[in-house]
Amino acid sequence: MLVEKYNPLEGKRLEILDKEGNIINESLVPDLSDERLIELYKTMLLARMTDIKALQYQRQGRMLTYAPNLGQEATQVGSIAATEKRDWLVPAFRELGAWLYKGVPLEQVFLYWYGTEEGSNFPEDVKMLPISVPIASQLNHAVGLGMASNIKGEDDVTIAYVGDGGTSQGEFSEALNFAAVFNTPTVFVISNNHFAISVPRRSQTKAKTLAQKAVAFGMPGIQVDGNDLLAVYAATKEAVDRARRGEGPTLIEAVTYRLGPHTTSDDPTIYREESEVEEWRGKDPLKRLKKYLINKKIWDEGKEESQNDEYEKFVNETFKKVEKYGLVPLEDIFKYQYEEMTPNLVEQYEAYKKYTEGGEK
Amino acid sequence: MLVEKYNPLEGKRLEILDKEGNIINESLVPDLSDERLIELYKTMLLARMTDIKALQYQRQGRMLTYAPNLGQEATQVGSIAATEKRDWLVPAFRELGAWLYKGVPLEQVFLYWYGTEEGSNFPEDVKMLPISVPIASQLNHAVGLGMASNIKGEDDVTIAYVGDGGTSQGEFSEALNFAAVFNTPTVFVISNNHFAISVPRRSQTKAKTLAQKAVAFGMPGIQVDGNDLLAVYAATKEAVDRARRGEGPTLIEAVTYRLGPHTTSDDPTIYREESEVEEWRGKDPLKRLKKYLINKKIWDEGKEESQNDEYEKFVNETFKKVEKYGLVPLEDIFKYQYEEMTPNLVEQYEAYKKYTEGGEK
Amino acid sequence: MPLLNNISAINQALDQEMERDQSVVVYGEDVGYEGGVFRATVGLQKKYGEKRCFDTPLAEAGIVGSAVGMAINGMKPVVEMQFSGFVLPALNQIIGHVARFRNRTRGKYHLPMVIRMPYGGGVRALEHHSESIEDIFAQTPGLKVVIPSTPYDSKGLLLAAIRDPDPVIFLEPKRIYRAFKQEVPEEDYIIPIGKAKIVKEGTDITVVTWGALVREAQKAAKVLEEKGVNIELIDLRTISPLDKGTIIDSVQKTGRFLVIHEAYKSFGPGAELISIVNEGAFLYLEAPPARLTGFDVTVPLPMGEHHFIITPEQIVDKVMEIVSY
Amino acid sequence: MPLLNNISAINQALDQEMERDQSVVVYGEDVGYEGGVFRATVGLQKKYGEKRCFDTPLAEAGIVGSAVGMAINGMKPVVEMQFSGFVLPALNQIIGHVARFRNRTRGKYHLPMVIRMPYGGGVRALEHHSESIEDIFAQTPGLKVVIPSTPYDSKGLLLAAIRDPDPVIFLEPKRIYRAFKQEVPEEDYIIPIGKAKIVKEGTDITVVTWGALVREAQKAAKVLEEKGVNIELIDLRTISPLDKGTIIDSVQKTGRFLVIHEAYKSFGPGAELISIVNEGAFLYLEAPPARLTGFDVTVPLPMGEHHFIITPEQIVDKVMEIVSY
Ligand SMILES: Cc1ncc(C[n+]2csc(CCOP(=O)(O)OP(=O)(O)O)c2C)c(N)n1
Ligand SMILES: Cc1ncc(C[n+]2csc(CCOP(=O)(O)OP(=O)(O)O)c2C)c(N)n1
Ligand SMILES: [Mg+2]
Ligand SMILES: [Mg+2]
């Protein structure tokens, strides 16, 4: 078992693909068909294209806040790929790759960042919770999903994400403790991208690794190279399988790096050196998987280019649709507070409707 | 260093005195003079007498809620004895032995349980925070005391207590994380008395030990026999010394047992077997230290008896004084909300005073 | 009909609903094996097993947060906060998530869940065991807030709360858990959420209160009757959403208004009631709408609590003051 | 006098007070090295060192809880919650401890500390970034709650808050952080906590508001003047303790009352103001005291926020409605 071989307390980290795209651990290469590999790589490409375009739109004043996933694609796609359609996805707020893989339409992703609740009204069959803004508070929801699965005797697994910063929140610990105590089928993925806005990972905790936090809950923990899709997949797959077999939760720390700003309102040059960013660009998860796929002769520059062109068009068109979406109708801000509008809400809604329609405003 | 030799992950627990009062680990016997040993034992006796009498008063309907420390005296007295007068004590709510040692007058202890805020208005020179009812929320206060000591360049240490149940609260983790990050001079003592009201330790967490939770924060952790005054003292002394030298916080899990009810409103027979309680009575921290002291020829049954008589009288007299204390004057409930009563409070106070004095009520 | 006190009525409601609806699960600190520190959940684990009634680690955010996930994944969690003073660590979940899931997802997810907790003073308890914090929940859109005042209501309102498709904060006045008994039907019945109850019709003044103070107001009503003052007593039952209609109709009839609560006065729930009376019955008012409430001081510990507790005598005096305005 | 906006005025107050008083420490998430996501603390770490201005791990209860210990042990912590929406995990500390230490220990310990946080809507932000939660703090005995509306007030009130021997919740209307500049004296000055400010004297109606809405009300006042309506505009400045005197005097003069706030309507802060107007000026009222507030709905995300935001036009219309009652 990987969680036994890669004990974070012994300073071990699971790596399979090096930054040049070479396999350094042949025996651990997960069983992924060429088609699957291409599918995952394409998801990463789409996520990246979306990030790049979103930042452009934002600079053009067409986009509100946006939190790019840039540089973290392998962590997100590699982990979600190890789950199945019937499994639950509980995001933090920066897992674009995972959401796209899970089947959230790009249009909704944009709608969310564009500022409407419709962006979290996912299609019926997408078992994903909405983005959770209060850091780490989503983890207990993930545990609850699993508690319900256990009670119902269903073998759905829940995969939940949190940032390195999120590990300092009290609720992180409460959730992991509940998960272990109730033996829930939960896989916790820490996207350790080295920063919580401006605060570096080293200021977040004195623990050498975040994976070792699992010890506090009597849960297995493992650290993986988060820019290595194969390593992330392998560790997550093992955790998902164990969870599905009823063997309980796992904590995975994926070590990656946020290449972009925290959000579009952030200026990372204030708090980090360009040289550090440059170094991590060299460890880009896309470049590395691309080289691997090219070496495997199942991908090439031509395919890459045409795929990117297709995605660029798709992203642009999707965003244009979103821009036409327009403002939220008055009724919508009242309608979903409760199943039925309370008399009080009806009164407020009617009065305001009358007021605005009366031409008084 | 004890924290290195007794790694909780290796299933080790520090023990010095066995339950028959024999030294099982000669080299670790702490350097405590006979006088000090007697002083500590007497504190334990007084704590026990207080507990026994309080339960009696309660049955007589003379006492409100009370949370006895019975069985946990070595954990409390052994740990606090390793600190100095200038150090801070941050209690949970069940550390009678520690409070008495720290210099809180027994009268105030009773006043607290009797239901008045005056019970937490400790003498000027007693550096102890009041009891904290919301479980585990006091630990961040302890860390803040230490952060201030660090900023001021003072070498006061803070010793803070929490129960086994308290380790599940999010704030437990936040506090330990802050302590490690800010390298505060804090000693965290978990009084693992096996229960959080009715919930047994095993339901609280899947972690084998509570001491191993330290790993999550990159902090040393150690498990000790909490019914062994010498072991508790030794571990705490080392932690206090390290803290004072600026080497940061330590987590100590003291394994003990609550022999009495959770509080006077609790009926432990609902949730635990008498046989378990009986077994732990055999490990009584007082009996064991007494045998050790008798073996050392610095204590005997006669002294024990007369000391107990003295304490019984003292406790009874103190409680009688407390019973005469009477109700809290109206003004007091208004006077301490702010440094100065706000106009609003003055208004409410004056109106009510007038109302009650007017004979209308 | 069997005579039940409030705590047994709550226990019966939980029992019957767990029997009726397999998706109901009940959990919290000491809730399972022991059956709760107030014995509200006694017998449920034995009857329905550890999967449906169980103890949790000591962590309120974990309890409420996991209930959110449970509710999304098909269960109807009824969780207990041991005392309302210990709900504070869960406010991030309650205000930040519980109240918001339906609106946040435009209806994709909603949370049929109940958060029960004993609240209020008068039991001579330690710090944090006597607060009345209905206002924090009442001011949060997306929550419903219910407070029973009798065993009959405890059962009927709790059943309504569990079946409500939206999250309900169910505050139990601990002072009257065992204070009196009442005939409570064995059968299933529901008291609708959002409707106040006119406990006693009257003509001279509208008095609104809830929870443990309903009884105190009833005692006052008797005394007042002897003095020739006939109060209309309304038990709010639901703090949010407020039954404005019943209150306004009553004030339009009586012309006078008093709200009584144990929560702190300033920025407390009474202020809202005074405001809606102003908004809906201003021209009918013959005296300033008034409130009789806790002082703006931290609830005192037992030896000072008598100053804080509202008595029937105070109610009588306050009503007399208003009717003779 | 230099022209400052609100955020620079806050920065200047922190800077000058750290200079003057060695016991002042400033910390929170991103507060140290970066100087805060809104740049309120920019330059302070460089000037006063990492010991007195620093970043913390991401944990609001840890931040506030440690500040309690700091305050007890001789420091004056001024901590930042990154947005008021993220103060929720710290409510157990704030309501359960910060507000209570003085009373709990009958004065042995008190907490000279300030919890700063940006609050309110109008900046087209993500969820949890736009709420107005002054009411939760205002209803908690033991806390003071202050909200500045101008750069001048930001500096003077923040200096007062830091020097106050009791804990102060300092809510900063983020919408006007950089909206306008004002002359702010370099010197040290204090605006007393607990006193409202009459921004504009008037005769026809008393309008009370605070924070970002003071400017909107000023705009409305101009329009109203053209319509022949002369409002008396009061900037509350301190939500708790309330300056009842100023408000009641004003209403006794004008006979009409409107409170405007962005917080939710029901059980919101306006209800308290209406209640004190009832209690103190009932016989002077010529129209029902009214409120213009946020709806009782979770603050909408940006594409729906315009429905929620209170405009000068709405203020004008509401005032006209009241004066023509
Ligand atoms: C409870 C809470 N506090 C503060 C914030 C503001 N905030 C948003 S993102 C963020 C940093 C999160 O860091 P991390 O968990 O590492 O995730 P990352 O942004 O790196 O993906 C902070 C402080 C928040 N959203 N929630
Ligand atoms: C936040 C909070 N939740 C619940 C309670 C109620 N309560 C009081 S003591 C207790 C159990 C505490 O267990 P533990 O921490 O092991 O301490 P012990 O009582 O064993 O000393 C509980 C649940 C509380 N005081 N605070
Ligand atoms: Mg991060
Ligand atoms: Mg315990």
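Residue numbers (UniProt numbering), protein chains in the order written: chain Z, 1 to 361; chain G, 1 to 361; chain Y, 1 to 325; chain F, 1 to 325.
Built from N, CA and C at the ideal position, the CB exists for glycine as well.
Check whether the Cβ of residue i lies closer than 8 Å to any heavy atom of ligand 4, and answer yes or no.
i, result
"G:G163", "yes"
"F:H306", "no"
"G:S191", "yes"
"G:F188", "no"
"G:H194", "yes"
"G:R258", "yes"
Relative to ligand 2, is the shortest distance from any of its heavy atoms to the C-beta of residue i smaller than 8 Å?
i, result
"G:H262", "yes"
"Z:V181", "no"
"Y:H128", "yes"
Answer with yes or no whether the minimum CB distance from residue i to chain F is below 9 Å.
i, result
"Y:E50", "no"
"G:K213", "no"
"Z:A92", "no"
"Y:A61", "yes"
"G:Y192", "At residue 192 of chain G the sequence reads Asn, which differs from the Tyr that was named. G:N192 does not count as touching chain F."
So with Cβ pairs under 9 Å, would you call residue i a contact of chain G?
i, result
"F:M18", "no"
"Y:F308", "yes"
"F:Y33", "no"
"Y:P57", "yes"
"Z:T250", "no"
Measure from the C-beta of residue i to each C-beta in chain Y and report whether the shortest distance is under 9 Å.
i, result
"F:N230", "no"
"G:Y57", "no"
"F:P141", "yes"
"G:Y349", "yes"
"Z:P130", "yes"
"F:D164", "no"
"Z:V104", "no"
"Z:G170", "yes"
"G:L330", "yes"
"residue 327 of chain F", "One cannot answer for residue 327 of chain F here, as it falls past the ends of chain F, which runs 1 to 325."
Closest Cβ-Cβ distance between residue i and chain Z: below 9 Å?
i, result
"G:M219", "yes"
"Y:G107", "yes"
For ligand 3, is there any heavy atom lying closer than 8 Å to the beta carbon of residue i?
i, result
"Z:R272", "no"
Would you check whether ligand 1 has a heavy atom nearer than 8 Å to the C-beta of residue i?
i, result
"Z:S137", "yes"
"F:P118", "no"
"Z:A67", "yes"
Ligand 5 heavy atoms versus the CB of residue i: any closer than 8 Å?
i, result
"Y:D235", "With respect to small molecules bound, the structure shown includes ligand 1, ligand 2, ligand 3 and ligand 4 and not ligand 5."
Three Cβ pairs or more, each shorter than 8 Å: is that satisfied between the region 241–257 of chain G and the region 23–34 of chain G? The region 241–257 of chain G is not in contact with the region 23–34 of chain G.
Proximal residues, the region 277–304 of chain Y versus chain G, C-beta separation under 8 Å: Listed in sequence order: F295, D296, V297, T298, P300, L301, P302, M303, G304.
Could you list the residues in the region 135–160 of chain G with a C-beta less than 7 Å from some C-beta on chain F, going in chain order? Hits within the stretch, in order: S137, N140, H141, A142, V143, G144, L145, M147, A148, S149, I151, K152.
Check whether the region 309–317 of chain Y and the region 212–220 of chain Y are in contact - that is, three or more C-beta pairs closer than 8 Å. Contact holds: three or more Cβ-Cβ distances are below 8 Å.
Can you confirm whether the region 134–148 of chain G touches the region 171–188 of chain G when touching is taken to mean that 3 or more C-beta pairs between the two stretches lie within less than 8 Å? Using a C-beta cut-off of 8 Å, the region 171–188 of chain G makes contact with the region 134–148 of chain G, since at least three inter-stretch Cβ pairs fall below that distance.
Could you tell me whether the region 153–173 of chain Y touches the region 351–358 of chain G, using the rule of 3 or more Cβ pairs below 8 Å? Judged by Cβ distances under 8 Å, the region 153–173 of chain Y makes no contact with the region 351–358 of chain G, as fewer than three pairs qualify.
Check distances from the C-beta atoms of the region 63–97 of chain Y to those of chain F and list, in chain order, the residues that come in under 8 Å. Answer in chain order: G85, L88, P89, L91, N92, I95, G96.
Could you run through the region 333–346 of chain Z and flag, in chain order, every residue whose CB is less than 7 Å away from some CB of chain F? Of all residues in the region 333–346 of chain Z, only I333, F334, Q337, N344, L345 place a beta-carbon less than 7 Å from a beta-carbon of chain F.
Mind listing which residues of the region 236–264 of chain Y have their C-beta closer than 9 Å to chain Z's C-betas, in chain order? Sequence-ordered contacts of the region 236–264 of chain Y with chain Z read S240, P241, L242, D243, K244, G245 [C-beta pairs closer than 9 Å].
Contact between the region 72–92 of chain Z and the region 126–134 of chain Z (3+ Cβ pairs under 8 Å): The answer is yes - the region 126–134 of chain Z touches the region 72–92 of chain Z, with three or more Cβ pairs under 8 Å.
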